[in-house]
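Asker:
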Amino acid sequence: KPLTNFYGILIRKQDFSKNSNNPNQKGVRILTRMPYLPLNQYQFLRKELAEHSWTIAENARDYFYQSALLDNSVKSWKQRVEHYLDRGAIPLPILRGNEQTWQQLTEQVQQDQQITIQSAKSEQSIIPLELSEKLVYLLGVIDGDGHLSKHQVHIVDYSKKQIEQLQQFFQELFGVTGNIREGKDGNYYILLVNGKWIVRLVNFITGHPLGRKYESLREPLILREKPYEHLRGAYWRGMFDADASYKNSLSFTSISKSLIEDLKNYLTSLHVKHCINHSKNGYTLYINAGSRQSVFNMVNCWHPEKKKEFVALLSRRHNGEIEDFQGINKQKLTIEGFFDFTFLDRKIVVHNAGSLLKQLREQKNISRRQLASVLQVAYSTLAAYENSRANPSMKVMLAFAAIMNEPLLSLLQRKNLDCFGLISSVKLPFKPSQKLLQLMRYIHPRANNYISLLTADSVLIQKIECFFSIKILRPELKRFNNFVLWHFLDTFGNYENIK
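The sequence shown lines up with residues 1302 to 1800 when you count with the working numbering.
1) According to DSSP, simplified to helix, strand and coil, what is Pro1510?
2) Rounded to whole angstroms, what is the Cα-Cα separation between Phe1317 and Ala1390?
3) Taking only three categories from DSSP, how would you classify Pro1693?
4) For His1509, tell me which candidate among Arg1538, Lys1633, Ser1450 has the shortest Cα-Cα distance.
5) Could you compute how far the alpha carbon of Ile1623 sits from the alpha carbon of Lys1764?
6) So the beta strand (DSSP E) Ala1390 belongs to, where does it begin and stop?
7) Whole angstroms is fine: what's the gap from Ser1725's alpha carbon to Phe1781's?
8) Leaving out the 5 sequence neighbours to the left and right, which residues in its chain are closer than 8 Å to Asn1582 when beta-carbon positions are compared?
9) What separation, rounded to the nearest whole angstrom, lies between the Cα atoms of Arg1334 and Arg1525?
10) So which of Leu1774, Thr1792, Lys1376, Val1760 has the shortest CA-CA distance to Arg1747?
11) Can you give me the C-alpha to C-alpha distance between Leu1712 and Ala1702, rounded to a whole angstrom?
12) Bridge partners for Thr1569 per DSSP, in chain order?
13) Can you name, in chain order, every residue of its own chain whose Cβ lies under 6 Å from the Cβ of Thr1585, other than the five neighbours on each side?
14) For Ala1700, count the other beta carbons within 10 Å of its own beta carbon; 16 or more makes it buried, fewer makes it exposed. Which is it?
15) Just how far apart, CA to CA, sit Leu1304 and Val1437?
16) Does the distance from the C-beta atom of Ile1649 to that of Ser1694 stay below 8 Å?
17) Return the chain-ordered ranges of every beta strand (DSSP E) run that is complete within the stretch 1405 to 1474 and spans a minimum of 3 residues.
18) In terms of DSSP beta bridges, what is Glu1483 paired with?
19) Report yes if the CB atom of Leu1672 is closer than 8 Å to the CB atom of Arg1662, and no otherwise.
20) Considering only their Cβ atoms, is the gap separating Pro1429 from Gln1419 smaller than 8 Å?
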């Protein structure tokens, strides 16, 4: 797996050299550049480190021998190791001084598919070591609308909703909340995410250098390898959300000829018809009208504003054209074929989840005050959840799942938590079924959270009410309002206009 060698991703040769811009810099500053391993996250290493401190110190001295940190005293290095153990965080290069300890860490990290690290200033972040749909999507957005500096990821977009969505993705993937700033003209927003090692991960996967955009952008080669080919759509979704236009046609513009060639090859593999125009402003690839729906199905769009434009472009009606249900959007399913509820609106609440929060909190020996602080909710609010006086939102449940190091769906399935709500409640299935597909043919999401009924047949209405545990008050109107069900249909259903 390409991200298994996390050491090579996080640490570079330049980290061991004296800063040429600061000739008076003391050698000891070398260690402050390194990623630190927080031992409270990896308690099993403490005993090994303490028992082998002399060996680790000697190996650290040898490891840093040709670096700018000139210290040949093993005793001095042992004091450093003891200092880091007392502090509760140790630089990764020093940790490599004991083969057994390093092997234990490597096995744990590979099992977790992520590593938690922190800076010398104790700023903590998570580095995912497995490619996921959201991570690859972010890579596409960064290549399209962002750039990297030494310690920051910068992303610019005109939509505040999109910037807030990207901010949420960074929080979920890296445990880091970026800062949002309004542009000087007030017509765009900037997301700034601090994280030297996040920058290095992005650079490692995409080859995106530090600095502004450059003309040799390429689709990451790793996505053409068989284990990751299914994620190519996520990368181009991020790219399209950054640089595509849906006003009067579907087009994608870039100054990079190589990137346009990569997109051309990808679309050709999907049998999507297109053409390319070249001008002084760059290259523009146009998608033929007959292939737009295919792009929507296989690439999709997560940008809140652009998705509306994309849907509007697709829904332009011609004579004899009707709307039809085309099945489940497979890009919103987990690898196991379940609905990925992380796509649901964060405001939606999960009914009867409080007892699960309390049970798992007590199993982990976490106090209610500690958990409330981590979840960023008031102590009284968490108490209300646990005593079934209120229901936690999807936002809270996602944060709790991250703390428990368990997928959200796995948590929900523990106690069959399939009832969701906001204003009104609804029972949602965890996995597509033939019965669900049959019902979704007759319920279509419309504007303003309304759901249209293609028939007022009483038998079918009863089946819909029973399956989703809802009550349709006036079925003769052939429409009803339920925000959660509407969002479920809009997220996981594939509706299109056909002749």
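All C-beta atoms, glycine included, are put in the ideal place defined by N, C-alpha and C.
Answerer: If we stick to the structure as given:
1) coil
2) 19 Å
3) coil
4) Ser1450
5) Only weak support exists for where Ile1623 lies, its pLDDT of 42 falling under 50; the value from the coordinates is given anyway. Cα to Cα, Ile1623 sits roughly 24 Å from Lys1764.
6) 1390 to 1392
7) 12 Å
8) Thr1554, Ile1556
9) 34 Å
10) Thr1792
11) 7 Å
12) Per DSSP, none; premise fails for Thr1569.
13) Ser1552, Thr1554, Asn1578
14) buried
15) 13 Å
16) yes
17) 1415 to 1419, 1425 to 1429, 1447 to 1449, 1453 to 1458
18) Tyr1490
19) yes
20) no
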